[in-house]
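There are 2 protein chains.
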Amino acid sequence: MRLTTMTDYALRLLMYVAQQPERLCTISEVARVHDISEAHVMKVTHQLGLLGWIETVRGKGGGMRLARPPSDINLGAVVRGIESDFALVECFSTESQCALTNKCQLAKVMDGALQSFMAHLDEFSLADIRPRTNRSALVIRRMTVKREKTS
Amino acid sequence: MRLTTMTDYALRLLMYVAQQPERLCTISEVARVHDISEAHVMKVTHQLGLLGWIETVRGKGGGMRLARPPSDINLGAVVRGIESDFALVECFSTESQCALTNKCQLAKVMDGALQSFMAHLDEFSLADIRPRTNRSALVIRRMTVKREKTS
Chain C
1 MRLTTMTDYA LRLLMYVAQQ PERLCTISEV ARVHDISEAH VMKVTHQLGL LGWIETVRGK
61 GGGMRLARPP SDINLGAVVR GIESDFALVE CFSTESQCAL TNKCQLAKVM DGALQSFMAH
121 LDEFSLADIR PRTNRSALVI RRMTVKREKT S
Chain R
1001 MRLTTMTDYA LRLLMYVAQQ PERLCTISEV ARVHDISEAH VMKVTHQLGL LGWIETVRGK
1061 GGGMRLARPP SDINLGAVVR GIESDFALVE CFSTESQCAL TNKCQLAKVM DGALQSFMAH
1121 LDEFSLADIR PRTNRSALVI RRMTVKREKT S
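Top line first, the protein sequences correspond to chains C and R. Just so we're aligned, residue 1 is where the first sequence starts under the numbering used here, counting upward by one. Just so we're aligned, residue 1001 is where the second sequence starts under the numbering used here, counting upward by one.
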């Protein structure tokens, strides 16, 4: 069971851009950091732009940034927006060839499982998963050192 | 997001065999009904046998049947047993190439979503999803007609 590569890339792109709130990120930079082709990064940036999570600035010195705070970017919404394929099993498809389609309850049970999966993602935003920046890591380290000294 | 083809085939095979409790089913019969290659049916039958859900009888007139009652074959257990790939996103893999591995919380959130998915399947057995047989469909039809006549 896997999410599509595009959903994976979209989540990684959002996390990376969320780490650089003070500047614009470029397509080539994201592609290099994540070892993804620029064509894929362009495609996923375009989709995230259409869905209102990324905004781009054109021209020299241009790039992309989050269009809203990380806490306003819900993970369930991102996966629903980007994932193109939720056909867990054959009978989810409108062109199902399964001889048992409409006769068994598998699709109903699988759909319930998928709803449980999405409901869990709905509980989290980009702010909950973004990697710790170097700056925040340093602050935490300083706090630990201070605590050790005072104890 | 899809389950592997083998998991799909395993569920369909179990449902078909559960519909024929009074006789043995053959590889070629399951392959024909579900339009799956015999090689795939053989592979999935072998796996289901190893996991203790199917038993086979060799020789002329041989075939397969359920090794236990449908109510004892849990759907979560079948998916866990057959599904070979639960790497929802890149960072689930032990060979992950993601630059953010171990720095972000995505894997933890995705793992929680996967547990919710499986917990839903754990609530159901093969008995809950098996297709209605012609006989039981007839019984239900008779009961409906009887109710209509008495109302």
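No residue lacks a Cβ here, since even glycine has one placed at the ideal position from N, Cα and C. Computed from a predicted model, the values in this text were never measured in an experiment.
Asked: If I follow the unbroken beta strand (DSSP E) through C:Thr56, where does it start and stop?; Found: Ile54 to Val57
Asked: Check each residue of the segment 49–79 of chain C: if its Cβ is closer than 8 Å to any Cβ of chain R, include it; give the result in chain order.; Found: Leu75
Asked: Would you mind working out which of C:Ala113, C:Glu123 and C:Leu106 sits nearest R:His1120, comparing C-alpha positions?; Found: C:Ala113
Asked: DSSP state of R:Gly1062, grouped into three classes?; Found: coil
Asked: Classify R:Thr1007 as buried or exposed, calling it buried when 16 or more other Cβ atoms lie within 10 Å of its own Cβ.; Found: buried
Asked: Within 10 Å of its beta-carbon, does C:Arg130 have 16 or more other beta-carbons around it, so buried, or fewer, so exposed?; Found: buried
Asked: Within 10 angstroms of the Cβ of C:Arg12, are there 16 or more other Cβ atoms? Answer buried if so, exposed if not.; Found: buried
Asked: Using a C-beta to C-beta distance shorter than 7 Å, which residues of chain R count as neighbours of C:Ala113?; Found: Phe1117, His1120 and Leu1121
Asked: Using the C-alpha atoms, what's the distance from C:Leu126 back to C:Asp72?; Found: 8 Å
Asked: Between R:Ser1116 and C:Phe117, is the Cβ-Cβ spacing less than 8 Å?; Found: yes
Asked: Leaving out five residues on either side along the sequence, give the residues of the same chain with a beta carbon under 6 Å from the beta carbon of C:Thr26.; Found: Gly63
Asked: C:Pro70: buried (16+ other C-beta within 10 angstroms of its C-beta) or exposed?; Found: buried
Asked: Counting only beta-carbon separations shorter than 8 Å, does R:Trp1006 have a partner in chain C?; Found: Per the sequence shown, the amino acid found at residue 1006 of chain R is Met instead of Trp. So no, R:Met1006 is outside the interface.
Asked: Name the two residues that bound the continuous alpha helix (DSSP H) containing R:Ser1116.; Found: Leu1106 to Leu1121
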